[in-house]
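Protein chains in written order, with this note's numbering: chain A, 1 to 350; chain B, 351 to 700; chain C, 701 to 1050. Cβ coordinates follow ideal geometry from the N, Cα and C atoms, glycine included. All values derive from a computational prediction rather than experimental measurement. Read the structure below first, then the notes.
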Amino acid sequence: MFPKNAWYVACTPDEIADKPLGRMVCGERIVFYRPRAGEVAALEDFCPHRGAPLSLGFVADGRLVCGYHGLEMGCDGRTVAMPAQRVRGFPCIRSFPVVERYGFIWVWPGEADKADPALIHHLEWADNPEWAYGGGLYHINCDYRLMVDNLMDLTHETYVHSTSIGQKEIDEAPPVTTVEGDTVITARHMENVQAPPFWRAALRANELADDVPVDRWQICRFTPPSHVLIEVGVAHAGHGGYHADPKYKASSIVVDFITPETETSIWYFWGMARHFKPQDAALTATIREGQGKIFAEDLEMLEQQQRNLLAYPERRLLKLNIDAGGVQSRRILDRLIAAEQQPAGETVPA
Amino acid sequence: MFPKNAWYVACTPDEIADKPLGRMVCGERIVFYRPRAGEVAALEDFCPHRGAPLSLGFVADGRLVCGYHGLEMGCDGRTVAMPAQRVRGFPCIRSFPVVERYGFIWVWPGEADKADPALIHHLEWADNPEWAYGGGLYHINCDYRLMVDNLMDLTHETYVHSTSIGQKEIDEAPPVTTVEGDTVITARHMENVQAPPFWRAALRANELADDVPVDRWQICRFTPPSHVLIEVGVAHAGHGGYHADPKYKASSIVVDFITPETETSIWYFWGMARHFKPQDAALTATIREGQGKIFAEDLEMLEQQQRNLLAYPERRLLKLNIDAGGVQSRRILDRLIAAEQQPAGETVPA
Amino acid sequence: MFPKNAWYVACTPDEIADKPLGRMVCGERIVFYRPRAGEVAALEDFCPHRGAPLSLGFVADGRLVCGYHGLEMGCDGRTVAMPAQRVRGFPCIRSFPVVERYGFIWVWPGEADKADPALIHHLEWADNPEWAYGGGLYHINCDYRLMVDNLMDLTHETYVHSTSIGQKEIDEAPPVTTVEGDTVITARHMENVQAPPFWRAALRANELADDVPVDRWQICRFTPPSHVLIEVGVAHAGHGGYHADPKYKASSIVVDFITPETETSIWYFWGMARHFKPQDAALTATIREGQGKIFAEDLEMLEQQQRNLLAYPERRLLKLNIDAGGVQSRRILDRLIAAEQQPAGETVPA
């Protein structure tokens, strides 16, 4: 169960640089490709001739050419040509609204007429040269909501990521969850603690002492359908924490775009945007590599959790205060999904 | 859906040279073996004692000995002996009509009393020393009819095999499909074209110039249940094409025996018979290697096409003129399958 | 179908030496761990917080700490603590009776109140320093009863293990099966035969001539739920066989603990206990390696037999005299399983 009338990250530009990409998003088999430089298109990955996957084809003159018998498909899902054939009566395939923005390709797997690019929320860090971004992609066999839970409850860092970003004080600092419209915010502040290894390295990269007590914060923001952006950072203790002057701080935004593939698998786009030394490509690579290792630690846990939940579907899970972020996020998702399933004209009470 | 009252290629002799072979054909688990030199037998791969696969056993004195507890099975499916046991009351297992001919082992998975070896159609190239043959075997996860379609519509060569046997002119030469009884013939002739790389090599092997225009032909013949033999070749242009004198020609027969394993998987026996330099074993090996690479290019396409068709079972595919060969072949198959399912005594209108 | 009110071997101590072990036994997902040195515990592998597998966690202060969010679980299935949480109302998870004995961890997957450790039958060889034991573990995709059949009918040695322990005379010596309560005994004695390779090596290890005729015996004992212990050995011929003086003998006990994972897969704990040279660790290693290779020969046969039986569920298998051990064992199992499914208070006629 996922909202289909929503923008999801489908892929990154490098994935369609050389040839079309076949990828399932929200249960839809889709081919993503560049009809021309700077353009992007998304179609059902199904040739109307004999059902071959169009993603095994190639692009020529702005058309997606089927790699089986040469049918030439337009970006709108209408066949433009086919060698020695009249194609006027060929059935159309579905085209999906698709937008390139902020360094990602976004797709709308639901009703095309509702797809307004303005609904992609603004990502300051992606457009501003004072920021740098690095990230990656994991395929994980779990319900996308398990990953939302994971990211909205960072107490797991103490256990899953104990050698890098975890620390005992996370557990001890109660998180505060608030809901603003369709945004869920879970914030946690730790004062006067030792920075864990990842953050000591970040302090050094920021030319700050790494052996003094710090104030640390984690502010997780869920927005539908399944995006979690987390402001994280440390400041030398006593300078105002999250609000401290930049000269005392190392901070960044953990970026998580979670795209359902099926009901029990996801494409997980993870990354980090930082507000310091944006030109330092080596630093970007180092952070990306470190984050990749840390985030890989979640995979086995999430996949085995998913298997447990499938094996015991009737069990009720606990909803503790630390789970409030995930619980509130699911409530919003349930409402959006119910609204989509409603006949047109009816409304669902919030 | 496949005809069961038909001869299918089960394996090649080398596959049963050293020990029995277990292979599923048309959904039947069958063990193939040589009871004695020059003989071949095919039985259900199921020991009547405890259900062990007989294909894990061995042959002794003309009997297939179960590798679990030593039951000795005769070629007729009757247990001959078992250590320290009286076997008279043992249940029989099914034996399948099986014939070795033309360098292949042929099996009849349907009603044994209808299995007439004379129904195996004559293969001139297999018996005549003026011909040489080389081939191989691929396992592919697709309905056998998708492979029939593939072979009866060679426009795919332009796209799937663009670097070897494909060329634009294939698309441009309209194929002509005719039906003669249960045989479907799709023929295509291209005149005054450049030979693609595979055929240039064949011209050279034939001691013919490879840099002059040629006439090229492809004559695909489908015969039930799922055999497609394709006469292919090139002749120096203007000498009569298909009918040209051999001294201007390089030609051969592409051999395709497609044996269903299950509804969605096949054993694909592919090869090439050539009418020139039959003694040149090195040439046979070279052609075989080249053909193996070319035919491997179809695998991913067919398997992904199959997955698409399973995902969208309700979609109607197009039946263009280029698809006529496959469409007519399926029509014959449908008729044969319906006839098999008919109660005895009734007939199905053609 | 397996009895659940029974002691099964779950694992060996080395498997839980460093960290918890997640293993499915009789369809139950269980985590095994050492709360403290010398203790062992078994719980549902399901954290009551969010369903994470507890087996990915760690042990601290006698508690099993969930590796996801730090819930601390007691050996009784009650949550003891969780960072910053009150846990009194947390739902319990199931704890399983578990005992360490004879070098194995035993678990009772059924009703806990019926789990009497006294029901684990005495294993003389495991407690007595005059014996040495070596063994291993295989995972096999077959119904546990197929392995019981395998071990209660050693005629398969002639075929499956023809190069090591098999010999023609096994087939020729009729086995005698007797039932004593819930124990099934199948015994076979061969007189004045050549020892096969494995036993020749054992004779040499025992400082006995290996090139003289021997008497050989195999006495298989099945006890529920699925343990098969087999007394095996050879003695120089004419000295009384099984009853011969130890100075003429090489003998041991083949140990087989078969633990169902699912209806069609098992954890197979195999090993050999010997009554000679118990201090010779190198000999233990050599025998273990040899036995491991021999027992691996059964895997493919059992897995393919299982696949055949699933494909032809309606077929009746033969029950010959050599199968009597397996048949009688299944009869006892059927009775035990029926008794478990009986409403309390009713009894099942034996």
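Return the CA-CA distance between Gly-722 (chain C) and Ala-1038 (chain C), expressed in angstroms with no decimal places.
Along the third sequence, one-based indexing puts residue 722 (chain C) at 22. Along the third sequence, one-based indexing puts residue 1038 (chain C) at 338. Going from the Cα of Gly-722 (chain C) to the Cα of Ala-1038 (chain C) covers about 29 Å.
What three-state label does DSSP hand Glu-507 (chain B) in the structure shown?
What you label residue 507 (chain B) is simply residue 157 of the second sequence in a count that begins at 1. The answer is helix: DSSP assigns Glu-507 (chain B) an H, G or I state.
Runs of 3 residues minimum, wholly inside the region 835-901 of chain C: which ones carry the beta strand (DSSP E) assignment?
876-880, 883-893
Ala-700 (chain B) versus Ile-105 (chain A): straight-line alpha-carbon distance, rounded:
Reading the second sequence from its first residue, position 350 is the one you call residue 700 (chain B). Reading the first sequence from its first residue, position 105 is the one you call residue 105 (chain A). Reliability fails at Ala-700 (chain B), whose pLDDT of 48 lies under 50, so the model's placement of it is uncertain and the value that follows must be treated cautiously. In a straight line, the C-alpha of Ala-700 (chain B) is about 54 Å away from that of Ile-105 (chain A).
Give the straight-line distance between the Cα atoms of Asp-477 (chain B) and Asp-630 (chain B), rounded to the nearest whole angstrom.
As a position in the second sequence, residue 477 (chain B) is number 127, starting the count at 1. As a position in the second sequence, residue 630 (chain B) is number 280, starting the count at 1. Rounded to the nearest angstrom, the two C-alpha atoms are 17 Å apart.
Just the Cα atoms here: how many angstroms apart are Val-390 (chain B) and Asp-882 (chain C)?
Taking the second sequence and counting its residues from 1, one reaches residue 390 (chain B) at position 40. Taking the third sequence and counting its residues from 1, one reaches residue 882 (chain C) at position 182. Answer to the nearest angstrom: the Cα atoms are 48 Å apart.
Go to Ala-360 (chain B), then tell me how far its beta strand (DSSP E) extends in each direction, as first and last residue.
To locate residue 360 (chain B), count along the second sequence from 1; it is residue 10. Secondary structure note for Ala-360 (chain B): its beta strand (DSSP E) is the uninterrupted segment 358-361.
C-alpha distance - Gln-544 (chain B) paired with Val-564 (chain B), whole-angstrom precision
What you label residue 544 (chain B) is simply residue 194 of the second sequence in a count that begins at 1. What you label residue 564 (chain B) is simply residue 214 of the second sequence in a count that begins at 1. As the crow flies, the alpha-carbon of Gln-544 (chain B) is around 6 Å from that of Val-564 (chain B).
Report buried or exposed for Arg-788 (chain C), applying the criterion of at least 16 other Cβ atoms within 10 angstroms of its Cβ.
Here residue 788 (chain C) refers to the residue found at position 88 when the third sequence is read from its first residue. Classification for Arg-788 (chain C): exposed.
Keeping to the same chain, check which residues put their C-beta closer than 6 Å to that of Asp-334 (chain A); ignore five residues upstream and five downstream.
Taking the first residue of the first sequence as 1, we reach residue 334 (chain A) at position 334. So the list is empty, once near-sequence residues are dropped.
Is DSSP giving Ala-700 (chain B) helix, strand or coil here?
Mapped onto the second sequence, residue 700 (chain B) falls at position 350. Residue placement at Ala-700 (chain B) is poorly supported in this model, since its pLDDT is 48, which falls under 50; the coordinates still yield a value, given next. Three-state result, Ala-700 (chain B): coil.
Delimiting residues of the alpha helix (DSSP H) encompassing Thr-614 (chain B):
Residue numbering aside, residue 614 (chain B) sits at position 264 when the second sequence is read from its first letter. Judged by DSSP secondary structure, Thr-614 (chain B) falls outside any alpha helix (DSSP H); it is assigned neither H nor E.
From what residue to what residue does the alpha helix (DSSP H) around Glu-1040 (chain C) run?
Here residue 1040 (chain C) refers to the residue found at position 340 of the third sequence. 1024-1041 is the extent of the alpha helix (DSSP H) around Glu-1040 (chain C).
Do Trp-617 (chain B) and Tyr-592 (chain B) count as a contact pair if the criterion is CB distance below 9 Å?
As a position in the second sequence, residue 592 (chain B) is number 242, starting the count at 1. As a position in the second sequence, residue 617 (chain B) is number 267, starting the count at 1. In this structure, Tyr-592 (chain B) lies away from Trp-617 (chain B), with their beta-carbon atoms at least 9 Å apart.
Considering only C-alpha positions, which residue in the set B:Tyr-418, B:Gly-640, B:Glu-557, B:Phe-572 is nearest to Tyr-859 (chain C)?
Taking the third sequence and counting its residues from 1, the one referred to as residue 859 (chain C) is at position 159. Nearest option by C-alpha distance: B:Tyr-418.
Count the CB pairs spanning the region 553-560 of chain B and the region 582-601 of chain B that are closer than 8 Å, and state whether there are at least three.
yes
Would you list the one or two residues that DSSP bridges to Phe-588 (chain B)?
Looking up residue 588 (chain B) in the second sequence gives position 238. Before going on, a small fix: residue 588 (chain B) reads as Gly here, not Phe. Bridge partners of Gly-588 (chain B): none, in fact.
So what's Gln-655 (chain B) in DSSP terms, helix, strand or just coil?
For the purposes of this step, residue 655 (chain B) is taken as the residue at position 305 of the second sequence. Gln-655 (chain B): helix per DSSP, three-state reduction.
Expressed to the nearest angstrom, what Euclidean distance is found between the alpha-carbon atoms of Gly-1025 (chain C) and Asp-395 (chain B)?
Taking the first residue of the third sequence as position 1, residue 1025 (chain C) is located at position 325. Taking the first residue of the second sequence as position 1, residue 395 (chain B) is located at position 45. Between Gly-1025 (chain C) and Asp-395 (chain B), the C-alpha separation is close to 25 Å.
In chain order, which continuous runs of the beta strand (DSSP E) of length 3 or greater are located wholly inside the region 365-409 of chain B?
371-375, 378-383, 391-394
CB-CB length for Val-884 (chain C) against Met-852 (chain C), believed under 8 Å:
As a first step, residue 884 (chain C) is located in the third sequence; it is residue number 184 there, counting from the start. As a first step, residue 852 (chain C) is located in the third sequence; it is residue number 152 there, counting from the start. Between Val-884 (chain C) and Met-852 (chain C) the beta-carbon gap is near 7 Å, inside 8 Å, which marks them as a contact.
Glu-613 (chain B): which of B:Glu-664, B:Gln-656, B:Arg-638 sits nearest, CA to CA?
Position 263 of the second sequence, counted from the start, is the residue given in the question as residue 613 (chain B). Selected option, being the one with the closest Cα: B:Gln-656.
CA-CA distance, Gly-134 (chain A) and Pro-278 (chain A)?
Mapped onto the first sequence, residue 134 (chain A) falls at position 134. Mapped onto the first sequence, residue 278 (chain A) falls at position 278. Distance between the alpha carbons of Gly-134 (chain A) and Pro-278 (chain A): 11 Å.
Which residue marks the beginning of the beta strand (DSSP E) containing Asp-915 (chain C), and which one marks its end?
Taking the third sequence and counting its residues from 1, one reaches residue 915 (chain C) at position 215. Going by DSSP, Asp-915 (chain C) is part of the beta strand (DSSP E) stretching over 914-923.
Along chain C, which residues have their Cβ under 8 Å away from the Cβ of Tyr-418 (chain B)?
Within the second sequence, the letter at position 68 stands for residue 418 (chain B). The contacting residues are His-856, Tyr-859, Val-860, Met-1001, Gln-1005.
Give me the Cα-Cα distance between Gln-867 (chain C) and Ile-994 (chain C), rounded to the nearest whole angstrom.
Within the third sequence, the letter at position 167 stands for residue 867 (chain C). Within the third sequence, the letter at position 294 stands for residue 994 (chain C). C-alpha separation (whole angstroms): 14 Å.
Assign Trp-825 (chain C) to one of three DSSP states: helix, strand, or coil.
Stepping through the third sequence from its first residue, residue 825 (chain C) is reached at position 125. Helix at Trp-825 (chain C).
According to DSSP, which residues form a beta bridge with Ala-623 (chain B)?
Locating residue 623 (chain B) in the second sequence gives position 273, where the first residue counts as 1. DSSP, once it has assigned bridges, lists B:Tyr-483, B:Ile-603 as partnering Ala-623 (chain B).
Could you pull out every residue in the same chain whose Cβ sits closer than 7 Å to the Cβ of Glu-157 (chain A), ignoring the five residues on either side in sequence?
By one-based count along the first sequence, residue 157 (chain A) stands at place 157. For Glu-157 (chain A), where only same-chain residues beyond five positions count, the Cβ hits under 7 Å are Ile-165, Gly-166, Ile-170.
Residue environment, Thr-779 (chain C), which counts as buried when at least 16 other CB atoms sit within 10 Å:
The residue labelled residue 779 (chain C) in the question sits at position 79 within the third sequence. Label assigned to Thr-779 (chain C): buried.
Which residues in the same chain have their Cβ closer than 7 Å to the Cβ of Lys-4 (chain A), if we skip the five residues on either side of it in sequence?
To locate residue 4 (chain A), count along the first sequence from 1; it is residue 4. For Lys-4 (chain A), where only same-chain residues beyond five positions count, the Cβ hits under 7 Å are Cys-26, Pro-109, Gly-110, Glu-340.
Could you have a look at Arg-763 (chain C) and say whether DSSP puts it in helix, strand or coil?
Translated into the one-based positions of the third sequence, residue 763 (chain C) becomes position 63. Looking at Arg-763 (chain C) - three-state DSSP - the assignment turns out to be strand.
Would you say His-749 (chain C) reaches chain A, if we count a Cβ-Cβ gap shorter than 9 Å as a contact?
The sequence position of residue 749 (chain C) within the third sequence is 49, counting from 1. Cβ-Cβ to chain A under 9 Å: yes for His-749 (chain C).
Measure the CB-CB distance between Arg-444 (chain B) and Gly-427 (chain B) and report whether it falls below 9 Å.
To locate residue 444 (chain B), count along the second sequence from 1; it is residue 94. To locate residue 427 (chain B), count along the second sequence from 1; it is residue 77. It is a contact, given that the beta carbons lie within the stated cut-off.
Spatially closest choice to Met-724 (chain C) from C:Ala-742, C:Gly-938, C:Arg-900, by CA coordinates:
As a first step, residue 724 (chain C) is located in the third sequence; it is residue number 24 there, counting from the start. For the residues C:Ala-742, C:Gly-938, C:Arg-900, the minimum Cα distance to Met-724 (chain C) belongs to C:Ala-742.
If we call anything under 9 Å between Cβ atoms a contact, is Ile-1032 (chain C) one with Val-879 (chain C)?
Position 332 of the third sequence holds residue 1032 (chain C). Position 179 of the third sequence holds residue 879 (chain C). Contact: yes.
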